[in-house]
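Listed below in structure tokens is the structure:
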């Protein structure tokens, strides 16, 4: 069950939640949408793990007293219970609008085996038993929330399990005696199994899934100086057909993180849910990256003639530029040039319906590469993209 929920919240969700320090608004930079189809896939994959979990589950011993008319009182005990096989046939994982997720497992079966013993005043007996449990239905509601660290939280809001049919097969020389209170034994088995199933699921969420979510990283390094903050800006939003997870999506300097001077714009994600997973990215992600790399000087560049394709008709030489700047050709005949470009400010990317625009302001300095390995500044260009 722990792996099922992890696949759900972490596919799903690793699923990351309140703004980090320095945030100016609550709009996310990145939205991941998991549709009902994606949740169905996670549920199918999780059934395999849940079946394994059930087979590893140790059931508690149970016992009781009985009285047989004209025979007397006695005590029975069923122990060494295990689950050699189980078959989970169908599952559904659906979003619950405004709440979280609903997990339903239906039409499933489990086999339980173990030993029994009965003690009365005049005899003791024991033997083996098999219980075939059929028509198991499990319904679980998972509430999704957030904590201050920016990680998701999950709790079990409700759990119900129901067993349609239960058949107890008891072996032993005096098994006829147990059959005298067969209904009582079946009722005990039914109550114990229904309780144990929900107890196991609640423990899995509390002891496995929630501690796992608390270890999820909310920051990752991109390179030696930049990182990305992908904590969540709020708790995941569930609607009738999908689950939206809102990530901060801020690129920042690892050593000198500072407040971003602009807000993340609102993201309008289309209401499509034909595919399992959708991603929506705002210009906030790109523009925080632009700001960091600009401040670090990584957006500067240098171009020399050996970087130009050999078949290009334009070369970075004083000869090629003689038509535009005749004086260069006269002062520095047949010499190579080097262009050094630097952005005058961090370029901002803008999204609009059907359009993407970038307006950089660029300064380019040209240098002649002299024979003595020195560089001589010759001209400057200013480039602005409107």
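In this note's numbering, the protein residues as written are 2 to 387. Virtual Cβ for every residue (Gly too), placed ideally from N, Cα, C. The structure presented is a predicted model; accordingly, all values stated were derived computationally and were not measured.
Quiz item: residue 127 bridges to which residues according to DSSP?
Solution: 118
Practice problem: Go ahead and pull the three-state DSSP assignment for residue 254. | Solution: strand
Self-check item: Beta-carbon proximity check, residue 128 vs residue 172, cutoff 8 Å
Solution: yes
Quiz item: Any idea if residue 44 is buried or exposed, counting beta-carbon neighbours within 10 angstroms, 16 or more meaning buried?
Solution: buried
Self-check item: First through last residue of the beta strand (DSSP E) which encompasses residue 165
Solution: 153 to 171
Quiz item: Is it a yes or a no for the stretch 88 to 98 touching the stretch 47 to 64, going by three-plus beta-carbon pairs under 8 Å?
Solution: yes
Quiz item: Who pairs with residue 381 in a beta bridge, going by DSSP?
Solution: 366
Self-check item: Contacts around residue 324, its chain only, beta-carbon distance under 7 Å, and the 5 residues preceding and following it disregarded
Solution: none
Quiz item: Exposed or buried, residue 269, counting other C-beta atoms within 10 Å across all chains shown (16 or more means buried)?
Solution: exposed
Quiz item: Can you give the Cα-Cα distance for residue 132 and residue 187, rounded to whole angstroms?
Solution: 9 Å
Quiz item: Since residue 43 is in the alpha helix (DSSP H), which residue starts that stretch and which ends it?
Solution: 37 to 56
Exercise. Check whether the stretch 30 to 42 touches the stretch 226 to 246, taking contact to mean three or more Cβ pairs, one atom from each stretch, closer than 8 Å.
Key: yes
Self-check item: residue 292 (DSSP reduced to helix, strand or coil)
Solution: helix
Exercise. Report all residues from its chain with a CB closer than 8 Å to the CB of residue 318; omit the five preceding and five following residues, and keep chain order.
Key: 306, 335, 336, 337, 338
Self-check item: First through last residue of the beta strand (DSSP E) which encompasses residue 323
Solution: Where residue 323 is concerned, there is no enclosing beta strand (DSSP E), given that its DSSP letter is neither H nor E.
Quiz item: Which value, in whole angstroms, describes the spacing of the CA atoms of residue 362 and residue 304?
Solution: 18 Å
Exercise. For residue 230, count neighbouring Cβ atoms within 10 angstroms of its own Cβ and tell me buried if that reaches 16, exposed if not.
Key: buried
Self-check item: Alpha-carbon to alpha-carbon, residue 213 and residue 1
Solution: The structure shown does not extend to residue 1, since the chain is modelled only from 2 through 387, so no value can be given for it.
Quiz item: Per DSSP, which one or two residues make a beta bridge with residue 135?
Solution: 166
Exercise. Check residue 273 in the structure and name its three-state DSSP category.
Key: coil
Quiz prompt | Inside the stretch 191 to 235 only - beta strand (DSSP E) runs reaching at least 3 residues | solution = 220 to 222, 227 to 230
Quiz prompt | Proximity test, Cβ basis, 8 Å: residue 125 and chain B | solution = The chain inventory of the structure shown lacks chain B, comprising one protein chain alone.
Practice problem: Helix, strand or coil for residue 183, going by three-state DSSP, please let me know. | Solution: helix
Quiz item: Would you report the Cα separation of residue 252 and residue 153, rounded to the nearest angstrom?
Solution: 21 Å
Quiz item: So does the stretch 96 to 107 actually touch the stretch 65 to 72, counting three or more Cβ pairs closer than 8 Å?
Solution: no
Exercise. Can you tell me which of 352, 201, 223, 286 puts its alpha carbon nearest to the alpha carbon of residue 255?
Key: 223
Quiz item: According to DSSP, is residue 284 helix, strand or coil?
Solution: helix
Quiz item: The beta strand (DSSP E) with residue 66 in it runs from where to where?
Solution: 63 to 69
Exercise. Would you check if the stretch 118 to 125 and the stretch 144 to 158 touch, i.e. whether three or more CB-CB distances between them fall below 8 Å?
Key: no
Quiz item: Excluding the five sequence neighbours on either side, which residues of its own chain have a C-beta within less than 6 Å of the C-beta of residue 157, listed in chain order?
Solution: 203, 206
Quiz item: Closest to residue 258 by CA distance: which of 42, 278, 195, 289 is it?
Solution: 289
Quiz item: I think residue 138 touches residue 101, with their Cβ atoms under 8 Å apart; what is that distance to the nearest whole Å?
Solution: Going by Cβ atoms, the distance from residue 138 to residue 101 rounds to 20 Å, so no, they are not a contact pair.
Quiz item: Thinking C-alpha only, which one of 329, 166, 192 is nearest residue 390?
Solution: In the structure as shown, the chain begins at 2 and stops at 387. Residue 390 is therefore absent and cannot be evaluated.
Quiz item: Closest by CA to residue 226, which one among 88, 170, 297?
Solution: 297
Quiz item: Should residue 123 be labelled buried (16 or more other beta-carbon atoms within 10 Å of its own) or exposed?
Solution: exposed
Practice problem: Have a look at the DSSP bridge pairing and note the partners of residue 77. | Solution: 65, 119
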